[in-house]
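>
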Amino acid sequence: MRVQDVLASAVRNSFRNKLRTTLTVVAIFIGAFTLTITSAIGTGVSDYINTQVTAIGTPGIFTISKATQTGIVSTGPATYDPNAAVSSGGSVIGPNGPTGLNGGTAALSKEDLASIAATSGITAVNPLIAVTPDYIQYANNGTYKLRVNTNAAISKASLAAGNQLNNSTSDLQLLIPTSYLENLGYTDAASAAGSTVTIGIKDYQRVSHTVTATVVGVQNETLLGSGAELNTALLTELDAIQNTGKPTTTAEGYAAATATFDPAMSSANVKALQKTLADAGYSAKTVADQIGTFQAVIDGIVGVLNAFAGIALLAAGFGIINTLLMSVQERTREIGLMKAMGMGSGAIYALFSLEAVFIGFLGSAIGALVAIGIGTPLSSFLSNTVLSGLPGLNILQFAPASIAVIMAIVMFIAFIAGTLPASKAARQNPIEALRYCAELNY
Amino acid sequence: MNQILEARDIVKSYGQGSSKFDALSGVSLSVTAGETVAIIGKSGSGKSTLMHLLALLDEPGGGELLVNGADASKLKKSQLNHLRNEDFGFVFQQFFLIPNATVLDNVVLPLTIAGVGAKERRARGLAALEQLELTDKAKSKAINLSGGQKQRVVIARALVNNPKVIFADEPTGNLDSVTGAIVEDMLFKLNREKGITLIIVTHDADLAARCDRQIFMRDGREDKAGIVK
Ligand SMILES: Nc1ncnc2c1ncn2[C@@H]1O[C@H](COP(=O)(O)OP(=O)(O)OP(=O)(O)O)[C@@H](O)[C@H]1O
Ligand SMILES: [Mg+2]
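So the protein lines, in turn, are chains A and B.
Note that our numbering gives residue 70 to position 70 of the first sequence, counting from 1, and the numbers run on in steps of one.
Note that our numbering gives residue 531 to position 89 of the second sequence, counting from 1, and the numbers run on in steps of one.
#1: Which residues mark the beginning and the end of the beta strand (DSSP E) in which Ile129 (chain A) is found?
#2: Leaving out five residues before and five after Ser9 (chain A) in sequence, what residues of the same chain have Cβ atoms less than 7 Å from its Cβ?
#3: In the structure shown, what three-state DSSP assignment does Leu508 (chain B) receive?
#4: Under 8 Å by Cβ, that's how I've got Thr178 (chain A) and Asn220 (chain A) pegged, so tell me the actual separation to the nearest angstrom.
#5: So which of A:Leu181, A:Ile176, A:Ala193 and A:Leu146 has the shortest CA-CA distance to Ile199 (chain A)?
#6: Run through DSSP, which three-state label would Gln521 (chain B) get?
#7: Measure from the C-beta of Asn523 (chain B) to each C-beta in chain A and report whether the shortest distance is under 7 Å.
#8: Is the shortest distance between the beta-carbon of Glu334 (chain A) and the beta-carbons of chain B less than 7 Å?
#9: Are the segment 42 to 59 of chain A and the segment 334 to 351 of chain A touching by the rule of at least three beta carbon pairs closer than 8 Å?
#10: So, is Glu111 (chain A) buried or exposed, given that buried needs 16 or more other C-beta atoms within 10 angstroms?
#11: Bridge partners for Arg660 (chain B) per DSSP, in chain order?
#12: Specify which residues have a beta carbon nearer than 5 Å to any heavy atom of ligand 1, listing them in chain order.
#13: Look up Gly319 (chain A) in the DSSP assignment and say whether it is helix, strand or coil.
#14: In the DSSP output, which residue or residues are listed as bridge partners for Glu229 (chain A)?
#15: If we ignore side chains and look at the alpha-carbon of each, how far apart do Ala32 (chain A) and Ile403 (chain A) end up?
#16: Checking 7 Å against the spacing of the C-beta atoms, do Leu113 (chain A) and Val131 (chain A) come in under that value?
#17: Could you tell me whether any Cβ in chain A is nearer than 7 Å to the Cβ of Ile638 (chain B)?
#18: Using the beta-carbon of each residue, which ones in chain A are nearer than 7 Å to Gly557 (chain B)?
#19: Please list the segments of the beta strand (DSSP E) lying wholly inside the segment 523 to 598 of chain B, counting only runs of 3 or more residues, in order along the chain.
#20: Could you pull the DSSP bridge partners for Gly483 (chain B) from this structure?
#21: Taking the continuous beta strand (DSSP E) assigned at Gln219 (chain A), which residues delimit it?
#22: Taking its Cβ as the centre, do 16 or more other Cβ atoms sit within 10 Å of Ile446 (chain B), making it buried, or is it exposed?
#23: Under the rule that 16 or more other beta-carbon atoms within 10 Å means buried, what is Leu230 (chain A), buried or exposed?
#24: So, is Ile555 (chain B) buried or exposed, given that buried needs 16 or more other C-beta atoms within 10 angstroms?
#25: Strictly below 9 Å CB to CB, what residues from chain A border Pro605 (chain B)?
#26: How would you label Asn523 (chain B), buried or exposed, when you count the other beta carbons within 10 angstroms and need 16 or more for buried?
#27: Below 8 Å CB to CB, which residues in the same chain sit around Ala284 (chain A) once its five sequence neighbours on both sides are set aside?
#28: Over what stretch of residues does the alpha helix (DSSP H) that includes Ala458 (chain B) continue unbroken?
#29: Select from the segment 415 to 434 of chain A all residues with a C-beta closer than 7 Å to any C-beta belonging to chain B, and list them in chain order.
#30: Given that a residue counts as buried once 16 or more other Cβ atoms are within 10 Å of its Cβ, and exposed if not, what is Gly637 (chain B)?
#31: Counting only C-beta atoms, is Ile642 (chain B) closer than 7 Å to chain A at any point?
#32: Do we get a CB-CB distance below 7 Å when we pair Thr554 (chain B) with the residues of chain A?
#33: Under 8 Å between beta-carbons, which chain A residues line up against Arg526 (chain B)? List them in chain order, please.
#34: For Asp464 (chain B), return the contacting residues in chain A, with the cut-off set at a CB-CB distance below 8 Å.
#35: CA-CA distance, Gly100 (chain A) and Ala189 (chain A)?
Written out as structure tokens, the structure reads:
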């Protein structure tokens, strides 16, 4: 039998019992639809994260903090050391969100910084200056809370308007996030760039001061958290005010520091360096690491959804076995006739296998098409509403390659499911088959 | 003479142990090309079993079976398939039509199996249908034909591959006498005009009498005295 004839009859045979085939296809459809959607989420998220890392990540820089001690729950609180450095300020914003949630995290002391700097591979260490201003005000539009994002030191901003911060000027500069625009009284991002704002901050004795700075740019929100980013000059200025009147006896410490290394260092060496620092009790993270934690969460969710899709496909596999076994039974006489007329067992096997694969193809193709049909408008709807805070994120991205892989997997499952009925058909003895149900007269 | 098929003392049993049943216990026979042979006998006497063995649909439990002088047991599975596909035509007691396929698709089934291209299949199928005056039914579904029409389709299918031998198991068994006679005439016409060897299993003494030779079966053996009946 010619390949195209085997193919044509497999397709024709699968439509013989339309209801049965349809029900089996529905089961496969559910699995394929879910897989297509989850893989699209996976693609969408990792695509976003990758562009984020390349857009805002600066290679060759770590954020360093003291490693959080594990085992706090089982061992109880650690012994109090009155000489240990505690990071200044009550609500220091570290790179991993506010620190001090557990009543003060260990801070990096001057000795820590020195020992990090002495680690081979690290070229420089700079403490992250944490400032906690009270408010920001534009023109006479009222005062608003100002949150400072310390990631300015390790990332470059994804700009909606204006320019990047200049850290070598003595001008006081800052970037504000797009979410601040409306409250502060700007009409749009472009009008904010270049404007002057007032920042309020208290010194160590709780006396209020104000500083005037220039908004050089407006930045899009990123996964690294929102907040304004300040240039070195502004940071130094605010830090100086903050520490005015501070008693000299207070142990000085920093919530975090940045450490630079050779940007050309291979990722294996970066890993080794992180390990060395971890062994010394410091957590060293690149921008990619920090963004990567989001990916891990999404990967977990996608994994659970994939497991459900897998269960659906497993059930569908049994559906295919059942459908084809019934069809082998129904076509016993036909199989016997074809064998009597010289059709080989291999061709019979191929006929039923292909029928299974075709059912798998139908289910997966319809599943993928419907997923794309529903997912594409849904994704742009979400981007414009719920996810509008994360520009550039298309939560569902349908990659042709992964759809092809999903279809191939589903068709392979169908093929495996078809082997049992197909070999049953291929083994049939023509004489027995011709005797089967002899009273059926057609 | 050209011995197309020869059976030497062939045996066939079904089942095992105490339930073992000898359907054929030593039958010898020789068929010359162009002959018409009737296999006749009571129900259960082993006629169909003998025909299936001659048609290489089954293997004998003992004895020898020769096809064109060659030992059939030495042929490979694919050679047997080729032989049945190209040299044999089959008419069974039941029609064995694929109910929802068209008449034409049913008729060209042996050609499809042989791997003949669609165009040639169609031409040869239509030619076969024309011989049996069924051209107008080519596109109908097999299930929608009358009994006599179905049997003509079956004959068209048996001759579409220009076989050397047609095996017919009770070809008129489920037809009324008039249609039965028409089908009979067609088979003998094929024998006369194309020299196709006919091996016909039948209950019908009149049909058997039209054949060159009759093999009478009784309890799995040939009954040489059965002619009287
Ligand atoms: N697959 C089988 N298993 C067991 N016994 C069988 C099998 N096939 C045939 N037989 C037995 O072998 C004997 C001969 O059967 P066969 O079909 O050859 O008879 P027949 O002469 O063609 O009868 P009929 O005229 O009724 O078709 C019967 O007794 C039948 O029961
Ligand atoms: Mg019989």
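No residue lacks a Cβ here, since even glycine has one placed at the ideal position from N, Cα and C.
If you're wondering where the values come from, they're calculated on a predicted model, not measured in any experiment.
According to the data block:
#1: Looking up residue 129 (chain A) in the first sequence gives position 129. Ile129 (chain A): not part of any beta strand (DSSP E); DSSP gives it neither H nor E.
#2: Residue numbering aside, residue 9 (chain A) sits at position 9 when the first sequence is read from its first letter. Only Leu351 meet the Cβ criterion.
#3: On the second sequence, residue 508 (chain B) is found 66 positions in, with the first residue counted as 1. Strand at Leu508 (chain B).
#4: The count along the first sequence starts at 1 and reaches residue 178 (chain A) at position 178. The count along the first sequence starts at 1 and reaches residue 220 (chain A) at position 220. Rounded to the nearest angstrom, the Cβ distance from Thr178 (chain A) to Asn220 (chain A) is 6 Å, consistent with a contact under 8 Å.
#5: Your numbering for residue 199 (chain A) matches position 199 in the first sequence. With distances taken between Cα atoms, Ile199 (chain A) lies closest to A:Leu146.
#6: Here residue 521 (chain B) is taken as the residue at index 79 of the second sequence, counted from 1. Note: Gln521 (chain B) maps to helix in three-state DSSP.
#7: On the second sequence, residue 523 (chain B) is found 81 positions in, with the first residue counted as 1. Yes, contact with chain A.
#8: Start at 1 with the first residue of the first sequence, and residue 334 (chain A) comes out as number 334. Yes, Glu334 (chain A) lies at the interface with chain B (some Cβ there is under 7 Å from its Cβ).
#9: Taking a contact to require three or more Cβ pairs closer than 8 Å, the segment 42 to 59 of chain A and the segment 334 to 351 of chain A do not qualify as touching.
#10: On the first sequence, residue 111 (chain A) is found 111 positions in, with the first residue counted as 1. Glu111 (chain A) is exposed by the Cβ-count criterion.
#11: The residue labelled residue 660 (chain B) in the question sits at position 218 within the second sequence. Per DSSP, the beta-bridge partners of Arg660 (chain B) are B:Arg663.
#12: Cβ-based neighbours of ligand 1 within the cut-off: B:Tyr456, B:Ala465, B:Ser485, B:Gly486, B:Ser487, B:Gly488, B:Lys489, B:Ser490 and B:Thr491.
#13: In the first sequence, counting from the first residue as 1, residue 319 (chain A) sits at position 319. DSSP, reduced to helix, strand and coil, places Gly319 (chain A) within a helical segment of the structure shown.
#14: The sequence position of residue 229 (chain A) within the first sequence is 229, counting from 1. Beta-bridge pairing links Glu229 (chain A) to A:Leu175.
#15: Working through the first sequence from its first residue, we reach residue 32 (chain A) at position 32. Working through the first sequence from its first residue, we reach residue 403 (chain A) at position 403. Rounded to whole angstroms, Ala32 (chain A) to Ile403 (chain A) spans 9 Å at the Cα level.
#16: On the first sequence, position 113 is the one that residue 113 (chain A) refers to. On the first sequence, position 131 is the one that residue 131 (chain A) refers to. Against a cut-off of 7 Å, the Cβ pair of Val131 (chain A) and Leu113 (chain A) comes out as no contact.
#17: Translated into the one-based positions of the second sequence, residue 638 (chain B) becomes position 196. No, its Cβ sits nowhere closer than 7 Å to a Cβ of chain A.
#18: For the purposes of this step, residue 557 (chain B) is taken as the residue at position 115 of the second sequence. The answer, in chain order, is Met1 and Arg2.
#19: Correct list: 530 to 533.
#20: By one-based count along the second sequence, residue 483 (chain B) stands at place 41. According to DSSP, Gly483 (chain B) bridges with B:Met659.
#21: Walking along the first sequence from the start, residue 219 (chain A) turns up at place 219. Here the beta strand (DSSP E) through Gln219 (chain A) covers Ser208 to Gln219.
#22: Looking up residue 446 (chain B) in the second sequence gives position 4. Ile446 (chain B) comes out buried.
#23: Numbered from its first residue, the first sequence carries residue 230 (chain A) at position 230. In the assembly as shown, Leu230 (chain A) is a buried residue. Its beta-carbon has 16 or more other beta-carbons within 10 Å.
#24: Taking the first residue of the second sequence as 1, we reach residue 555 (chain B) at position 113. The residue is buried, with at least 16 neighbouring Cβ atoms inside 10 Å.
#25: Locating residue 605 (chain B) in the second sequence gives position 163, where the first residue counts as 1. By Cβ distance, chain A contributes nothing, its closest Cβ being about 10 Å from Pro605 (chain B), past 9 Å.
#26: What you label residue 523 (chain B) is simply residue 81 of the second sequence in a count that begins at 1. The Cβ neighbour count for Asn523 (chain B), taken over all protein chains shown within 10 Å, is at least 16; the residue is labelled buried.
#27: Here residue 284 (chain A) refers to the residue found at position 284 when the first sequence is read from its first residue. Result list for Ala284 (chain A): Phe62, Thr63, Ile64, Ala259, Leu273, Gln274, Leu277 and Ala278, in chain order.
#28: Taking the first residue of the second sequence as 1, we reach residue 458 (chain B) at position 16. One point to set straight first is that residue 458 (chain B) is Gln, not Ala, in the sequence displayed. First-last for Gln458 (chain B): undefined, no H or E at that position.
#29: Within the segment 415 to 434 of chain A, the residues whose Cβ lies closer than 7 Å to any Cβ of chain B are, in chain order, Pro430, Ile431 and Leu434.
#30: For this step, residue 637 (chain B) is matched to residue 195 along the second sequence. Classified as exposed, Gly637 (chain B) has fewer than 16 neighbouring CB atoms from the shown chains inside 10 Å of its CB.
#31: Looking up residue 642 (chain B) in the second sequence gives position 200. No, its Cβ sits nowhere closer than 7 Å to a Cβ of chain A.
#32: Numbered from 1 along the second sequence, position 112 holds the residue referred to as residue 554 (chain B). Cβ-Cβ to chain A under 7 Å: yes for Thr554 (chain B).
#33: Stepping through the second sequence from its first residue, residue 526 (chain B) is reached at position 84. Within chain A, the residues near Arg526 (chain B) are Ala340, Met341 and Gly342.
#34: Position 22 of the second sequence, counted from the start, is the residue given in the question as residue 464 (chain B). Under a criterion of Cβ atoms nearer than 8 Å, no residue of chain A is adjacent to Asp464 (chain B); the nearest Cβ is some 17 Å distant.
#35: What you label residue 100 (chain A) is simply residue 100 of the first sequence in a count that begins at 1. What you label residue 189 (chain A) is simply residue 189 of the first sequence in a count that begins at 1. The predicted position of Gly100 (chain A) is uncertain, since its pLDDT is 37 and thus under 50; a value taken from the coordinates is nonetheless stated next. Within the model, the alpha-carbon separation for Gly100 (chain A) versus Ala189 (chain A) is close to 34 Å.
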